[in-house]
Amino acid sequence: MSSITHQRVRPARRPAAMATVAAVLLTLGLINPVAAAPPNNPGSSAAGWLAAQVNTDGVIEGYNPGQADYGMTLQGIIGLAAAGAEGPTARQMLDAVNDDIDTVVAPYGGDDPGRLALATLANVALGEDPTDAGGTDLVARLQATRRTVSPDIGLYGSGDPTYDGAFRQGLALLALASVNNDDPDGEAWLTDQQCDTGSWVAYRADTAVPCPAVDAATFSGPDTNSSAMALMGLATQGVTPDHDAVTWLDGVRTSTGGWPYFGDATEPADASSTGLVLAALRTVTGASDTEGLAALRTFQIPCEAGDPSDVGGLFFQAQEDGSELPDTFSTTQGLWGLGDVAFPVVDAAMADHIETDCPVSCSSPAPHSFTDVAPTDYFNTAVSWLVESEITAGVAPGLYRPNSVVNRGQMAQFLWKAAGSPEPAETYSFTDVASNDFYYTAVSWLVESEITAGVAPGLYRPNSVVNRGQMAQFLWKAAGSPEPAETYSFTDVAPTDYYYTAVSWLVESEITAGVAPGLYGPNRQLTRGQMAQLLWKAACGASA
2 MSSITHQRVR
12 PARRPAAMAT
22 VAAVLLTLGL
32 INPVAAAPPN
42 NPGSSAAGWL
52 AAQVNTDGVI
62 EGYNPGQADY
72 GMTLQGIIGL
82 AAAGAEGPTA
92 RQMLDAVNDD
102 IDTVVAPYGG
112 DDPGRLALAT
122 LANVALGEDP
132 TDAGGTDLVA
142 RLQATRRTVS
152 PDIGLYGSGD
162 PTYDGAFRQG
172 LALLALASVN
182 NDDPDGEAWL
192 TDQQCDTGSW
202 VAYRADTAVP
212 CPAVDAATFS
222 GPDTNSSAMA
232 LMGLATQGVT
242 PDHDAVTWLD
252 GVRTSTGGWP
262 YFGDATEPAD
272 ASSTGLVLAA
282 LRTVTGASDT
292 EGLAALRTFQ
302 IPCEAGDPSD
312 VGGLFFQAQE
322 DGSELPDTFS
332 TTQGLWGLGD
342 VAFPVVDAAM
352 ADHIETDCPV
362 SCSSPAPHSF
372 TDVAPTDYFN
382 TAVSWLVESE
392 ITAGVAPGLY
402 RPNSVVNRGQ
412 MAQFLWKAAG
422 SPEPAETYSF
432 TDVASNDFYY
442 TAVSWLVESE
452 ITAGVAPGLY
462 RPNSVVNRGQ
472 MAQFLWKAAG
482 SPEPAETYSF
492 TDVAPTDYYY
502 TAVSWLVESE
512 ITAGVAPGLY
522 GPNRQLTRGQ
532 MAQLLWKAAC
542 GASA
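So the sequence shown is numbered by my numbering: it starts at 2 and just counts up by one.
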């Protein structure tokens, strides 16, 4: 068995439910108020956590402190390259590996094909020549491990393939593809190993016998790790397998959007399997898997972690008691998916260290410096949140003008900035919105996001003052027009009013309770202080 390629982990714990959105999804999901906010930069924050696990010698340590885990170190280099992050640390790791290359690739005396393949991929990922890594030709040594006599002609490695045959073969073919080296015998062996379903088991001693069904209790049947690596190895060699592996992988995706180790969608997903499958799908299809990436991020330690040094790392599976701890295995293989790039990674553009970017705290943002907003004002925290979130800097140095009314142009700008200032795919023409107006892009984004179509054909009316009824409609449309579970009665909001459903949704989402018992005040002009409060409550939900 290859000493480092993957770990067959028994899923002993059930996954916890995915983090639920606390209140409002503003701007088509671009603002997600959740109980535990993940970093805004998942790849670089995971890379930063992993880099912090590298010791002064440039290696990731194993279970025994002070003892190098070269297999994990190699996978970590590739993961950092996929994320394009922590360049100096990745370089230090590669230097450590190449300086002790014989120990790295032959941990038990004989050359290990998994280690040789990973070392090849790590060197290629950082733009180094794998035929001269620490004076060693890794490619030649990998090729020398291929079997040339029966049984299993074409299989890499002399070790027992029972638990990792397909995985190590796919990894070897991926490594050879990184140096444009074709291997028909190796490809034929792996193609023959495929099950009729499109999946792979770890190893089939007799390919005439159908693959067994998944049985997690006996650790048998097709698994996602073998299937993902086999698919990736063949695809990078230009080989299309006989059966559709992509469809099989999609069919065993769990309800959370991720993947379990075994090919059974009822099994709990885990970070490493999800990361490997995402890398394979990205490589084969050329497209990002949005659902899978979102699922992978649920395994990332959030910004509110009790230990700040854990933030960004990935844990294997969610725990019912919330006691997740990051680990190097889940984070290294998770990075293969978080990087969202095709494999093999070749001469990656590597950034230096990037600090973890955590969302602005909803409950305790940095204090603002406006002289016209007092600490006792009900919108004080909201204004601080707006400033720290870079939604506004006020109207002049030291001034926010909380009692000034908000017009439709300003409203567009507030919503657009709250969404992160996304660039619309195209611009939209209104005769009363000029290309040099500060809200020009914001208005186009509002139209593209179907938040508004203007007030009449060709007219947006940017200077018209926004009232509370219109504000309700803007926020509700920005959230995707969700249907409230029930309606709420205000004597000044009739069922026939266009903002009737929006107001009910605002109340249900605890964004507002109205201006007085039984009164919403839909025709009251909206002030900048009120705008701050409503945006803050909408974005932060229960945290506000």
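Glycine included, each C-beta is placed from N, C-alpha and C at the ideal position. Here the structure is a predicted model, which is why all the values come from computation and not from measurement.
Three or more beta-carbon pairs separated by less than 8 Å are not found between the stretch 135-147 and the stretch 191-211, which leaves the two stretches without contact.
In terms of Cα proximity to A352, the closest of D70, T90, P39 and P66 is T90. If you check the CB distance, Q54 and T357 do not come in under 7 Å. Rounded to whole angstroms, the Cβ separation of V384 and A533 is 5 Å, and the two are in contact under 8 Å. Here F263 carries a strand assignment [DSSP, helix/strand/coil]. For W260, the closest C-alpha among the options T237, H244 and R298 is that of R298. The alpha carbon of Y71 has as its nearest neighbour, out of Y109, A83, N41 and A47, the alpha carbon of Y109. Check the Cα spacing between T257 and each of N404, L119, V247 and E268: the tightest is with E268. Annotated three-state conformation of E188 is helix, per DSSP.
For S385, the enclosing alpha helix (DSSP H) covers residues N381 to E389.
Below 8 Å, enough C-beta pairs join the stretch 394-413 and the stretch 465-473 to call them touching: three or more. One thing to note: D207 has its Cβ no nearer than 7 Å to the Cβ of F263. For A82, the closest alpha carbon among the candidates S436, G44, P368 and S331 is that of G44.
When Cβ pairs closer than 8 Å are counted between the two stretches, the stretch 122-131 is seen not to touch the stretch 145-164, the count staying below three.
Beta bridge pairing from DSSP links R147 with Y157. For N404, the secondary structure class from DSSP, reduced to helix, strand or coil, is coil. In this structure, P327 sits near F316, with a CB-CB distance shorter than 7 Å. Taking a C-beta distance under 7 Å as the contact criterion, Y521 and G530 do not qualify as a contact pair.
Apart from the 5 residues on each side of it in sequence, Y379 sits with its Cβ closer than 7 Å to the Cβ of Q534 in its chain, given in chain order.
In this structure N226 is in contact with S274, their Cβ atoms being roughly 6 Å apart against a cut-off of 8 Å. The three-state secondary structure of E129, taken from DSSP, is coil.
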